[in-house]
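Residue numbers 3 to 280, in our numbering, belong to the letters of the sequence shown in order.
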Amino acid sequence: MLFRYPLLLLVWLLLPGLLAGSTRRQGPTMTQRDFDPIFQQQGVEGSFLLYDAPARQFVAYRPDRCRKGFLPASTFKIPNTLIGLATGALRDTSDVCRWDGVTRNFPQWNEDMPFARALRVSAVPCYQQLARRIGVSAYQTWLRKLAYPGMVVTESTLDTFWLDGESRITQFQQIDFLRRLQAEALPMAKRHQRAVKQLLILQETPQYTLYGKTGWRFRSARNPDNAWLVGWIERADGRTAFFALNVEPAAGQPADARFAASRRVITDAVLQELGWMK
């Protein structure tokens, strides 16, 4: 018995630390909030997910819907730009996308522009050109490396897979990817991650910097309008929160004049209510 006593004593002394370490390794907590009035005021329905990094806590409005997959639409321009840079399909974000001469309904698309501007104005034709440069094999390789899930890329869908078809991503998955980008922890050159992060800045104030990217899957015979705003907010005190908003017009109606702007209106209102944007 004597030879066992020191071992038992050591376990007894280390037990509080081991238990504390186990507690620290537990996953993030989840709090549900009701933001119905904010969504209803904009004539939309949807879901909102925020990850409070310092508190390791998710705040969710309609968490079940936050786990539902949707086409990423133009939020995919974030990984798309990163993959373009990593593969050399883009030398840098000043590379110029040449207008193909086709007049489209968005006047800001009907001109030559650097890819830095193409991301900001969500110029779909530019990113379709980029997709054809990247190719199916490179997408499949890099989407796996980036752990960006749910994309179905084939030769026939190469320049549309993020806009239509079977690709899907959830709000939880969007936030997981953004957390790694914000930390510059993706498996690619940090200069590429920094270049893309710079393009995502939506607003800078003395109190915070807001990063984000919109997306809009336009209505079709089979699908309603569906739109995103994903990003993060960095406070001057060092705290960071990540968010993903997904919305559709209420009751399956077509998008009205408020729909595009509703993404930013709702996001700002929720961030203000939660104390992040003040």
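In this text, a Cβ means the ideal position worked out from N, Cα and C, and glycines have one as well.
Just so we're clear, the structure is a prediction, and the values are computed from it rather than from any experiment.
Cβ-Cβ separation, residue j to residue i (assumed contact under 8 angstroms), whole Å
i, j, result
"Gln195", "Leu183", "6 angstroms"
"Phe41", "Ile268", "6 angstroms"
"Trp111", "Val98", "Between Val98 and Trp111 the Cβ distance is about 14 angstroms, and since that is not below 8 angstroms, they are no contact."
"Trp164", "Leu73", "7 angstroms"
"Val198", "Gly214", "12 angstroms between Cβ atoms; not a contact."
"Ile136", "Ala91", "5 angstroms"
"Lys147", "Pro81", "Incorrect: roughly 10 angstroms between the Cβ atoms, too far for contact."
"Arg67", "Phe174", "Between Phe174 and Arg67 the Cβ distance is about 11 angstroms, and since that is not below 8 angstroms, they are no contact."
"Phe261", "Val46", "7 angstroms"
"Ala62", "Met32", "6 angstroms"
"Thr162", "Ser76", "So it is not a contact: roughly 13 angstroms between Cβ atoms."
Residue i burial status per 10 Å Cβ neighbour count (16 or more: buried)
i, result
"Met279", "buried"
"Gln44", "buried"
"Gln287", "This structure does not reach residue 287, given that the chain is present from 3 up to 280, and the question cannot be answered."
"Thr105", "exposed"
"Phe244", "buried"
"Ser222", "exposed"
"Thr25", "In this prediction, Thr25 scores a pLDDT of 45, lower than 50, which makes its location untrustworthy; the coordinate-derived value is nonetheless stated afterwards. Thr25 comes out exposed."
"Asn107", "exposed"
"Tyr150", "buried"
"Ala125", "buried"
For residue j and residue i, the rounded distance between their alpha carbons
i, j, result
"Trp218", "Ser264", "12 angstroms"
"Ala271", "Glu113", "34 angstroms"
"Arg64", "Leu247", "11 angstroms"
"Arg224", "Asp239", "46 angstroms"
"Gly277", "Gln209", "12 angstroms"
"Leu212", "Ala57", "19 angstroms"
"Thr172", "Leu145", "15 angstroms"
"Ile187", "Ile203", "A quick correction: the sequence has Ala, not Ile, at residue 187. Computed Cα separation, rounded: 19 angstroms."
"Gly152", "Arg100", "30 angstroms"
"Glu236", "Arg93", "29 angstroms"
"Thr143", "Leu160", "14 angstroms"
"Gln274", "Asp102", "42 angstroms"
"Asp166", "Gln28", "37 angstroms"
"Asn228", "Asp178", "21 angstroms"
"Ala259", "Ala185", "36 angstroms"
"Arg266", "Phe50", "12 angstroms"
Test item: CB-CB of residue i and residue j under 7 angstroms
i, j, result
"Thr242", "Trp230", "no"
"Pro109", "Phe60", "no"
"Val155", "Tyr141", "yes"
"Pro226", "Glu250", "yes"
"Arg170", "Gly71", "yes"
"Leu121", "Leu201", "yes"
"Ser96", "Pro127", "no"
"Glu168", "Val138", "no"
Any chain D beta carbon closer than 7 angstroms to residue i
i, result
"Glu275", "The chain inventory of the structure shown lacks chain D, comprising one protein chain alone."
- Quick one: any contact between the stretch 248 to 259 and the stretch 26 to 37, if contact means 3 or more CB pairs under 8 angstroms? no
- Kindly confirm or deny that the stretch 124 to 136 and the stretch 85 to 92 touch, where touching means at least three C-beta pairs closer than 8 angstroms. yes
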